[in-house]
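For the sequence shown, our numbering assigns the number 4 to the initial residue and increments by one for each residue that follows.
Note that beta-carbon positions come from the ideal geometry of N, C-alpha and C, so glycine has one too.
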Amino acid sequence: VNKTQKYCNGSWNIGMKKFLKGKYDWRVLACSDVIMQKDWIKKISFREKEMYIPCIAELKEIDWFNGYEKELKGQPAGFTMILSRKAVEIVYPIPKGLKLWFGDEYIIRKLRNRGYKIIQSAACAYHYGSLSIASNQFTEAIIESDKLEWSKLNKKVLL
């Protein structure tokens with residue numbers, strides 16, 4: 004791991020911090036191993052009090068697959084999330100003790116506690132599946148540390 008490696012959650016924090024200093028209304032948080040379909044942005048509704056996660060498609064289907072919007076219950080995988088400025092203000096920063104795992108769960112739980120709906124968008128994505136951590140020799144130890152940190156955070160009400 005090089006000195007600038009921030010892992011997933013640290014990278015998302017850097018992106019959210021820069022976003023909050025800017026003028027844009029929406030922010031995409033995504034893993035580095037995701038491919039979005041062409042013109043995906045045209046398939047997002049961009050409503051306040053909603054956070055969007057793309058539907059999942061196979062790579063060979065990505066350009067023609069048509070998803071549909073629906074509210075997601077439970078804990079969906081947040082490998083790509085589209086958040087409004089207000090949502091980013093609520094969730095930033097992801098706690099520093101979480102490096103690889105639980106950042107998406109932290110964001111989703113915190114937004115739901117504030118009345119947000121988590122929406123599967125009509126936009127589709129292909130996720131190669133944890134390629135960003137598969138090659139890291141320290142992954143197992145980092146994940147175990149994240150599990151301990153999450154168990155502490157999870158006992159608190161994430162408001």
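Item: Spatially closest choice to residue 96 from 55, 17, 10, by CA coordinates; Value: 17
Item: Where the alpha helix (DSSP H) containing residue 11 begins and where it ends; Value: 10–24
Item: Spatial distance of residue 113 from residue 47 (CA atoms); Value: 21 Å
Item: Beta carbon of residue 106 nearer than 8 Å to that of residue 12; Value: yes
Item: Cα-Cα separation between residue 50 and residue 124, rounded to whole angstroms; Value: 11 Å
Item: 8 Å Cβ cutoff met for residue 126 and residue 79; Value: no
Item: Whole-angstrom C-beta distance between residue 84 and residue 39, which should lie under 8 Å; Value: Going by Cβ atoms, the distance from residue 39 to residue 84 rounds to 12 Å, so no, they are not a contact pair.
Item: Short CB-CB distance (under 8 Å) between residue 24 and chain D; Value: The structure shown contains no chain D; it is built from a single protein chain.
Item: Option in 109, 145, 119, 122 with minimal Cα separation from residue 10; Value: 145
Item: Under the three-state DSSP convention, the category residue 50 falls into; Value: coil
Item: Three-state class that DSSP yields for residue 88 in the structure shown; Value: helix
Item: Bridge-paired residues (DSSP) for residue 121; Value: 54
Item: DSSP-derived helix/strand/coil call for residue 169; Value: Here the chain comprises residues numbered 4 to 162, so residue 169 is not present and cannot be evaluated.
Item: Rounded separation between residue 131 and residue 35 - CA only; Value: 9 Å
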